[in-house]
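Numbering (the numbering used here), first residue to last: -12 to 39.
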């Protein structure tokens, strides 16, 4: 059997935190687009890129 190093679930690195922030932002944009309150979507309900 291979040796495996299991990290505790609580251990989060910077890449994980960045991904969480990006996903939260996409969720907010999608929700805003569905509700008609998105000022950054330019008519795209689910933008892949954020237009600044």
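We put the beta carbon where it would ideally sit given N, CA and C, even for glycine. Every value quoted in this text rests on a predicted model; they were computed, and no experiment measured them.
If you run the structure through DSSP and keep just helix, strand and coil, what is residue 24? In the structure shown, residue 24 adopts coil according to DSSP, grouped into three states.
Helix, strand or coil: how does DSSP classify residue -1 here? coil
When you compare only the Cα positions, how much space is there between residue 24 and residue 2? 30 angstroms
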